[in-house]
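The sequence shown maps to residues 1 to 248 in the UniProt record's numbering.
Ideal Cβ positions, reconstructed from N, Cα and C, are used throughout, including at glycine.
On a predicted model such as this, the values are computed, not experimentally measured, just so you know.
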Amino acid sequence: MRVALMVTCVNDAMFPETGKAVVTLLRRLGVDVEFPAAQTCCAQPMVNTGYLDEAVPVVRTFVDAFAGYDAIVTPSGSCAGSARHQHALVARRSGDPDLVAAVAETSPKTYELSEFLVDVLGVTDVGAYFPHRVTYHPTCHSLRMLGVGDRPQRLLEQVRGIRLVDLPSAEECCGFGGTFAVKNADTSVAMGADKARHVRETGAEVLVAGDSSCLMHVGGMLSRQQSGVRVMHLAEILAATETAQVRG
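Shown next, in the form of structure tokens:
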């Protein structure tokens, strides 16, 4: 099976350790994941703000970069959601039947990380070790657009040494929402403050989620509050092993 990593813009620019963790994890599970160097944005920012025509060349670049792969794995519910649900809309708008056909090939093969692990590889125990108190935030796109359900929790429950605690009001949005955080800053901050408060209530050492953008938003608040809570992507925890903990 040919598997490609779609690392996402945010991870490429700001959180490269997340992408590295995906590669480490998949290789440990026997998956020889590749990184197509031609990949750029998934086009979600353009689509979400109404610039569908501008999204057409971006989607075209996506399908060209990931053509021929059996699976496309991304550590992001929002980017996976864009590929699975928004690309077809953009392709139809373009009026290009070749692009419509190409999207029909790549979209169903695009998986958020927990989906790929549980549904495609059929594993929940990935051999991880992370002896810390952790709480999980289900991000909006993974929860509502993709319907990943309890897959991330099932993976976390199998991590050795972990103490997984429930997050109050877990399904409430963190307030980031991409450009929403810029255009509606006061509302975004209020929502983020609620989420940060709920995180602190758990007594967790680590907040984990499947989208780095949400972690950036909530993590910034937790840091400014000097809460002592750090944020980590799901991939980083699943990639952790006892050896890595000792070395760290």
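Which of helix, strand or coil DSSP assigns to Met232: Within the sequence shown, residue 232 is the residue found at index 232, counting from 1. DSSP places Met232 in strand when its eight states are reduced to three.
Assuming contact is defined by CB atoms lying nearer than 7 angstroms, are Ala240 and Phe62 in contact in what I supplied? Residue 240 sits at position 240 when you count from the first residue of the sequence shown. Residue 62 sits at position 62 when you count from the first residue of the sequence shown. The answer is no: Cβ separation not under 7 angstroms.
Run through the DSSP bridge pairs and tell me what Ser167 is partnered with. Translated into the one-based positions of the sequence shown, residue 167 becomes position 167. Here residue 167 turns out to be Leu, not Ser, going by the sequence shown. DSSP, once it has assigned bridges, lists no residue as partnering Leu167.
Suppose you measure from the CA of Leu207 to the CA of Ala65; what does that come to, to the nearest Å? Reading the sequence shown from its first residue, position 207 is the one you call residue 207. Reading the sequence shown from its first residue, position 65 is the one you call residue 65. Taking the straight line from one Cα to the other gives about 33 angstroms.
Those residues which DSSP pairs with Ile72 across a bridge: Here residue 72 refers to the residue found at position 72 when the sequence shown is read from its first residue. Note: Ile72 sits in a beta bridge opposite Ala4, Thr110.
From the DSSP output, read off the bridge partner residues of Arg133. For the purposes of this step, residue 133 is taken as the residue at position 133 of the sequence shown. Arg133 is bridged to Arg163.
Rounding to the nearest angstrom, what Cα-Cα distance links Leu234 and Tyr51 in this structure? Here residue 234 is taken as the residue at index 234 of the sequence shown, counted from 1. Here residue 51 is taken as the residue at index 51 of the sequence shown, counted from 1. Roughly 31 angstroms separates the two Cα atoms.
Within 10 Å of its beta-carbon, does Asp70 have 16 or more other beta-carbons around it, so buried, or fewer, so exposed? As a working mapping, residue 70 is identified with position 70 in the sequence shown. Answer is exposed; the Cβ neighbour count stays below 16.
How would you call Phe35, buried or exposed, if buried means at least 16 neighbouring beta carbons within 10 angstroms? For the purposes of this step, residue 35 is taken as the residue at position 35 of the sequence shown. Exposed, since its Cβ has fewer than 16 Cβ neighbours within 10 Å.
What residues are listed by DSSP as bridge partners for Leu207? Mapped onto the sequence shown, residue 207 falls at position 207. Leu207 pairs with Thr135, Val231.
Quick check on the DSSP output: the alpha helix (DSSP H) that includes Met145 runs from which residue to which? The residue labelled residue 145 in the question sits at position 145 within the sequence shown. Careful: Met145 lies outside any alpha helix (DSSP H) and carries neither H nor E.
Can you give me the Cβ contacts of Ser227 inside the same chain, cut-off strictly under 6 angstroms, excluding the 5 residues immediately before and after it? As a working mapping, residue 227 is identified with position 227 in the sequence shown. Correct list, in chain order: Arg200.
Using C-beta distances below 7 angstroms, list every residue in its chain close to Cys140, excluding the 5 sequence neighbours before and after it, in chain order. If you number the sequence shown from 1, residue 140 lands on position 140. If we look at Cys140 and ignore the five residues flanking it on each side, its Cβ neighbours are Cys173.
Option in Val165, Val126, Ala193 with minimal Cα separation from residue 306: Since the displayed the chain opens at 1 and closes at 248, residue 306 lies outside it and no answer follows.
Best match in Met6, Val3, Thr40, Glu205 for proximity to Asp166 [C-alpha to C-alpha]: Position 166 of the sequence shown holds residue 166. The shortest Cα separation from Asp166 among Met6, Val3, Thr40, Glu205 belongs to Glu205.
Could you check the C-alpha separation between Glu105 and Glu17 for me, to the nearest Å? Here residue 105 is taken as the residue at index 105 of the sequence shown, counted from 1. Here residue 17 is taken as the residue at index 17 of the sequence shown, counted from 1. Computed Cα separation, rounded: 29 angstroms.
Within 7 angstroms of any Cβ in chain B, is that where the Cβ of Asp194 sits? You won't find chain B in this structure, because it holds only one protein chain.
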